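Working notes, beginning with the structure itself.
Numbering (full-length UniProt numbering), first residue to last: 1 to 78.
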């Protein structure tokens, strides 16, 4: 099973869909994104992460050491 996530690079206004194994660690997912999306290579890796938007401007930053499966993610979450 794979998880399809919408990746949005805000500074470049780039949106791409990427597939991940749910057991992928968030830190590793960020590394994969930086490798596959050239627009994501902005600044230092430690300054970027994955953000799960919520309702009405809320949301949460995904912890770098957790698996994607830890979070209640659905396909095509951005």
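The C-beta atom is built at its ideal place from N, Cα and C for all residues, glycine as well.
These numbers come from a predicted model, not from an experiment.
Put residue i into one of helix, strand or coil per three-state DSSP.
i: residue 44; result: coil
i: residue 52; result: strand
i: residue 72; result: coil
i: residue 33; result: helix
Pull the bridge partners of residue i from the DSSP assignment, please.
i: residue 19; result: 4
i: residue 59; result: 53
i: residue 26; result: Paired residue(s): none; residue 26 is not in a bridge.
i: residue 13; result: According to DSSP, which records beta bridges pairwise, residue 13 is partnered with nothing at all.
Between which residues of its own chain and residue i is the CB-CB distance below 8 Å, once the five residues before and five after are set aside?
i: residue 54; result: 60
With a threshold of 16 other CB atoms inside 10 Å of the CB of residue i, please say whether the residue is buried or exposed.
i: residue 72; result: exposed
i: residue 26; result: buried
Given residue i, which residues of its chain have a CB within under 7 Å of its CB, disregarding the five upstream and five downstream residues?
i: residue 24; result: 67, 68
i: residue 40; result: 9, 33, 34
Starting from the C-beta of residue i, find all residues in its chain whose C-beta is less than 6 Å away, skip the five residues before and the five after it, and write them out in chain order.
i: residue 50; result: 26, 62
Let me make sure I understand the geometry here. Which of the options has the alpha-carbon closest to that of residue i?
i: residue 43; options: 1, 12, 7; result: 12
i: residue 48; options: 28, 22, 70; result: 28
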